[in-house]
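The numbering used here numbers the first residue of the sequence shown as 21 and each following residue consecutively.
All residues carry an ideal CB built from backbone N, CA and C; glycine is no exception.
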Amino acid sequence: MAGENRQSEVRFTRTIGLFSATSIGIGAMIGAGIFVLSGIAVGYAGPAAIISYILAALITLFTALSYSELASSIPIAGGGYTYVHEAIGGSIAFMTGWSICFGCMVSCSLYAVGFAEHFLEFFHSFGIRDIAVTIIGIVIALFFVLLNIKGTKESVRTTNVLVTLKVAILMLFALIVFFSGKMDFSNFHPFVSPDKGIGGIFRAITVIYVSFFGFEVISNAGEEIKNPEKNLPRAILLALLIPTLIYLCIVIVVIGVLGDRAGETVTPLVVITRTLRSPWLLTLVIIGGLFSTATALNSTLIASSRQMYAMGRDGYLPSIIGKLHTKRMTPVVALLVSAVIVLVFTVIGKVDFIAKVSNVALLFALTLVNMSVIILRKKQPDLRRPFKLPFHPVIPALGMVCSIAIVVVMDRTTQLLGLIYFLLGGIVYIVYAKGQKEKREKARKLQEIVEKQLRQEYKILVALSTLDNVRGIMRIACSLARKYKGEIVVMTVIEVPHGLPLEAGLGEVAVSRLLLNQAVNIAKQYDVSVTKQIKLSRRTSEAILETAEEEECNFIVIAREKALSLPERVVNTGLDVVLRKAPCDVALLKLNGMEKVKRIVYAAEDSADAKYALSILPAFQDEFNVHIVALHVIKGSPQVFEHLSGQIFLDELLKDCPIKIERKIIVAESVEEGIINFVEPTDLLVMGLGSSSFLERILFSSVSEEVSERLEGPVIMISRYVMKKQPLIKVLRHYGE
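#1: For the candidate residues N247, S213, G117, whose alpha-carbon lies nearest to that of L38?
#2: The beta strand (DSSP E) that contains L396, what's its start and end?
#3: Would you tell me roughly how many angstroms separate the C-alpha atoms of M420 and V305, rounded to the nearest one?
#4: Should L534 go down as buried or exposed, given a rule of 16 or more other Cβ atoms within 10 Å for buried?
#5: According to DSSP, A650 sits in a beta bridge with which residue or residues?
#6: Would you grab the beta carbon distance between V227 and K376 for me? Rounded to a whole angstrom, and I think it's under 8 Å.
#7: When the Cα atoms are used, what is the spatial distance from A760 to K370?
#8: In the DSSP assignment, the beta strand (DSSP E) including V548 goes from what residue to what residue?
#9: Using 10 angstroms around the beta-carbon of I668, count the other beta-carbons present and answer buried if the total reaches 16, otherwise exposed.
#10: So, for A69: in the same chain, excluding its five sequence neighbours on each side, which residues have a beta-carbon less than 6 Å away from its beta-carbon?
#11: Taking the C-alpha atoms as reference points, what is the distance between D215 and L140?
#12: Which residue spans inside the region 52 to 81 form an unbroken alpha helix (DSSP H) run of at least 4?
#13: Give the straight-line distance between the Cα atoms of T80 and I636, rounded to the nearest whole angstrom.
#14: Among the residues of its own chain, which have a CB less than 6 Å from the CB of I564, if the five just before and after it don't count?
#15: If you count every other CB in all the chains shown that lies within 10 Å of the CB of I340, and 16 or more means buried, which is it?
#16: Rounded to whole angstroms, what is the Cα-Cα separation between L192 and R297?
#17: Within its chain, find whatever has a CB closer than 7 Å to the CB of A497; leave out the 5 residues flanking it on each side and keep chain order.
#18: For S690, which residues of its own chain have a beta-carbon under 7 Å away from its beta-carbon, when the five flanking residues on both sides are left out?
#19: Pair every Cβ in the region 395 to 413 with every Cβ in the region 427 to 442, then say whether three or more of these pairs are closer than 8 Å.
#20: At the level of alpha carbons, what is the spacing between A417 and M391?
#21: So who's on the other strand from M511, going by DSSP bridges?
#22: So is M737 buried or exposed if we call it buried at 16+ other beta carbons inside 10 Å?
#23: Report the partner residues of V606 according to the DSSP bridge assignment.
#24: Taking the alpha-carbon positions, what's the S319 to A48 distance?
#25: In the region 403 to 431, which residue ranges form an unbroken alpha helix (DSSP H) of at least 4 residues, counting only runs that do not cross its ends?
#26: Shortest alpha-carbon distance to V353 belongs to which of H209, Y329, S88?
#27: Take the Cβ of F135 as the centre, count every other Cβ of all protein chains shown within 10 Å, and call the residue buried at 16 or more, exposed below.
#28: My assumption, with CB atoms under 8 Å, is that F199 sits in contact with G276. Please give the rounded CB distance.
#29: Pull up the DSSP beta-bridge partners for G708, would you.
#30: Report yes if the CB atom of Q327 is closer than 8 Å to the CB atom of C128, and no otherwise.
#31: What residues are listed by DSSP as bridge partners for K655?
#32: Helix, strand or coil: how does DSSP classify A676 here?
#33: Could you pull out every residue in the same chain whose Cβ sits closer than 6 Å to the Cβ of L258, ignoring the five residues on either side in sequence?
#34: Straight-line CA distance for G234 to A530?
#35: Just checking, does the region 664 to 683 make contact with the region 699 to 712 on the three C-beta pairs under 8 Å criterion?
#36: When we look at the beta-carbon of A84 and count the other beta-carbons within 10 Å, is it buried (16 or more) or exposed?
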């Protein structure tokens, strides 16, 4: 039945550009791996570790290209699991999510141990040595679990700055060491060590591959990236290229200074800096290592809990895992489950073993992601693919083969542990996930059928801001919905300052839901179908306009809370932006005294907005069931011929009006003065908003704005949408994209 509400949606406004998206990936990739694993890689392969890093980057490139095609085709948040779930679903999607979750959780242990080692180095600088690495690792892991349960605030802008600083520290370190005179170039000969051989190159890859997994984090933010079809694949590829170059610089100086000794430490950069006897550089490197391992731990913990939360939400895991804390809006159960695995491997504490276990899980997931590209090409050949990977299916096939090859050269213990985990995943899928998923799919399809039957062609977007205006604004929206036999999309916007991430606004979702639920209850009284939406955005106006376009709305109904001052008009306040850029008709409301209306006064003017306002008057009469007066104001001194022309104008204007309207002509010094003097506090004034240029809107209030500001009672101002001509430069830019 109409009037039933569908599940409210919390959506992000796209605010992340190419630079910020790339920074997110670089920040995740240049983490603990280069600080902790570079020495181990040199210990496995000797100078040929350089080849290990190049091959690892090349292998990652195959998968990154597959990710790029999927990301541009399915630009939503969630990463590899979501792509496979959307493309294929079933057991392949489950095993992808299962593997990514496990790989990320084990990676967290690696970063916790790496943090502990650098933490010890920090205290060693002050002569303090009796602190256990395991205890520090457990403490830092628990700290970030609790921090994420409470809710984190992490700025994209801050991420850009910190990533830039991290890159600068590493490049400064590499340059200083390279030209310090400590480089022993004999360490590069022989390049392929006889005792380590070619096998050492591949064994090093089995450890360092986790350092190349950062591009997954970019796809997790898919719903927040601007122009995702272009920027997602570009950011993924840039986030692979830039760290690879930095890795190579660092590995070269590690080999040049430490040689075979590099494999004896998990803090090679700190060891190198000690040889330079530079306290400031040592402090900088230790702080860089602490920061890199801590941020990598935090971001990977978030990624693992989000993947697990998504699987719980999709029905692959118990529904309790897919629930958020009612106040903090964080996936508490998913975080606690992640914490158990993280702590187990942190206690194990062996860095190379932890890295291999993480890699075996992640590589299995990436194999399935590559497979999904091939399957999706066959299943949906007509799917829009803004980025189409070249040489299909060779590249995804190479991604699969290389991922499997890395697992094959791992030691038997790691392979056995990976096999046990995958078999456990298969059992969980067969025994639990498959049946639960099928039940949810049936329920979802049934719900879609019901919603499709309820959905109407005409959509009215209602933007709510406070509890006080919900009833008034919904009365107007519902009266329009009944007139046009349409549905309502009711939304609230949580405006998040630029200094915070959009997720910081999740704490206010509960208040927004109160507004939405009240609106839904009112819509039920009118038997009007309604959908709910909460949007997190930097600007309210951007969120409203974006939603109107996404939902293909025909009408926007919005309330004005206060009058606009000149400074506010100069800085482009939200309502002004909505009125100028709206892709549809707009009703701007002043709600004072809406519940006390005894008469409707229609301001009859010769404008497109006023004439359109007349066409919807019957809806308002049905709602308020009161007398309507059409008021026409003649400016200047009264003249017989002017009064007569006014009567002719009203007769012509109202000749096709289906409702009874009283005609009233008055003379006044100005149109606004005439309306203000005629309208009573218990009247509802309906008028056209009136068009004006951008400069005019900045410097002067329009007639409708001045009247609205000076009247005590309610006002409805209608703006009729007119297709605007695009500037030539905009047209050229559009066709050049």
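Per the coordinate set shown:
#1: Mapped onto the sequence shown, residue 38 falls at position 18. Per the Cα distances, N247.
#2: Here residue 396 refers to the residue found at position 376 of the sequence shown. Boundaries around L396 are those of the alpha helix (DSSP H), 371 to 399, since no beta strand (DSSP E) includes it.
#3: Counting from one through the sequence shown, the residue named residue 420 turns up at place 400. Counting from one through the sequence shown, the residue named residue 305 turns up at place 285. Going from the Cα of M420 to the Cα of V305 covers about 37 Å.
#4: The residue given as residue 534 occupies position 514 in the sequence shown. When all chains shown are included, L534 counts as exposed.
#5: Your numbering for residue 650 matches position 630 in the sequence shown. Looking at the DSSP assignment, A650 forms a beta bridge with Y622, R683.
#6: Counting from 1 along the sequence shown, the entry for residue 227 is found at position 207. Counting from 1 along the sequence shown, the entry for residue 376 is found at position 356. Contact between V227 and K376 holds: their C-beta atoms lie close to 6 Å from each other, under 8 Å.
#7: For the chain, the structure presents residues 21 to 757; residue 760 sits outside this window and is missing.
#8: Translated into positions along the sequence shown, residue 548 becomes position 528. Counting along the chain, V548 falls outside any beta strand (DSSP E), and DSSP gives it neither H nor E.
#9: On the sequence shown, position 648 is the one that residue 668 refers to. If you draw a 10 Å sphere on the C-beta of I668, you find fewer than 16 other C-beta atoms in it, and that means exposed.
#10: Position 49 of the sequence shown, counted from the start, is the residue given in the question as residue 69. These residues qualify, in order along the chain: A61, V62, A224, V271.
#11: To locate residue 215, count along the sequence shown from 1; it is residue 195. To locate residue 140, count along the sequence shown from 1; it is residue 120. Their backbone Cα atoms lie some 33 Å apart in a straight line.
#12: Secondary structure within the region 52 to 81: the alpha helix (DSSP H) runs of 4 or more consecutive residues, fully enclosed, are 58 to 65 (chain order).
#13: Here residue 80 corresponds to residue number 60 of the sequence shown, with the count starting at 1. Here residue 636 corresponds to residue number 616 of the sequence shown, with the count starting at 1. Taking the straight line joining both Cα atoms gives about 59 Å.
#14: Counting from 1 along the sequence shown, the entry for residue 564 is found at position 544. Within the same chain, I564 has close Cβ partners A483, V598.
#15: Locating residue 340 in the sequence shown gives position 320, where the first residue counts as 1. With fewer than 16 Cβ atoms within 10 Å of its Cβ, I340 is classed as exposed.
#16: On the sequence shown, residue 192 is found 172 positions in, with the first residue counted as 1. On the sequence shown, residue 297 is found 277 positions in, with the first residue counted as 1. Pairing L192 with R297, the inter-Cα distance amounts to about 16 Å.
#17: Within the sequence shown, numbered from 1, the residue matching residue 497 stands at position 477. Non-local beta-carbon contacts of A497 in its own chain, meaning distances under 7 Å to residues more than five positions away in sequence, involve I480, V482, I508, V577 in chain order.
#18: Working through the sequence shown from its first residue, we reach residue 690 at position 670. Within the same chain, S690 has close Cβ partners K655.
#19: The region 395 to 413 is not in contact with the region 427 to 442.
#20: Taking the sequence shown and counting its residues from 1, one reaches residue 417 at position 397. Taking the sequence shown and counting its residues from 1, one reaches residue 391 at position 371. Looking at the two C-alpha atoms, the distance is approximately 7 Å.
#21: In the sequence shown, residue 511 corresponds to position 491, counting from 1. Per DSSP, A483, Q553.
#22: For the purposes of this step, residue 737 is taken as the residue at position 717 of the sequence shown. The residue in question, M737, is buried, as its Cβ has 16 or more Cβ neighbours within 10 Å.
#23: Residue mapping note: residue 606 aligns to position 586 of the sequence shown, counting from 1. DSSP lists I576, S739 as the bridge partner or partners of V606.
#24: Counted from its first residue, the sequence shown places residue 319 at position 299. Counted from its first residue, the sequence shown places residue 48 at position 28. Rounded to the nearest angstrom, the two C-alpha atoms are 7 Å apart.
#25: Fully enclosed alpha helix (DSSP H) runs of 4 or longer: 414 to 428.
#26: Along the sequence shown, one-based indexing puts residue 353 at 333. Nearest C-alpha to V353: Y329.
#27: As a working mapping, residue 135 is identified with position 115 in the sequence shown. By the neighbour-count rule (16 or more Cβ atoms within 10 Å), F135 is buried.
#28: Position 179 of the sequence shown, counted from the start, is the residue given in the question as residue 199. Position 256 of the sequence shown, counted from the start, is the residue given in the question as residue 276. F199 to G276, Cβ: 11 Å. No contact.
#29: Taking the sequence shown and counting its residues from 1, one reaches residue 708 at position 688. Beta-bridge partners of G708 (DSSP): I738.
#30: Here residue 327 corresponds to residue number 307 of the sequence shown, with the count starting at 1. Here residue 128 corresponds to residue number 108 of the sequence shown, with the count starting at 1. Going by C-beta atoms, Q327 is not nearer than 8 Å to C128.
#31: Here residue 655 corresponds to residue number 635 of the sequence shown, with the count starting at 1. When beta bridges are read from the DSSP output, K655 appears opposite A688.
#32: Here residue 676 corresponds to residue number 656 of the sequence shown, with the count starting at 1. Per the sequence shown, residue 676 should be read as Asp rather than Ala. Residue state, collapsed to three classes: coil.
#33: Position 238 of the sequence shown, counted from the first residue, corresponds to residue 258. Excluding sequence neighbours, L258 sits near T42.
#34: Locating residue 234 in the sequence shown gives position 214, counting from the first residue. Locating residue 530 in the sequence shown gives position 510, counting from the first residue. Distance between the alpha carbons of G234 and A530: 33 Å.
#35: At 8 Å Cβ cutoff, the stretches do not touch.
#36: The count along the sequence shown starts at 1 and reaches residue 84 at position 64. So A84 counts as buried.
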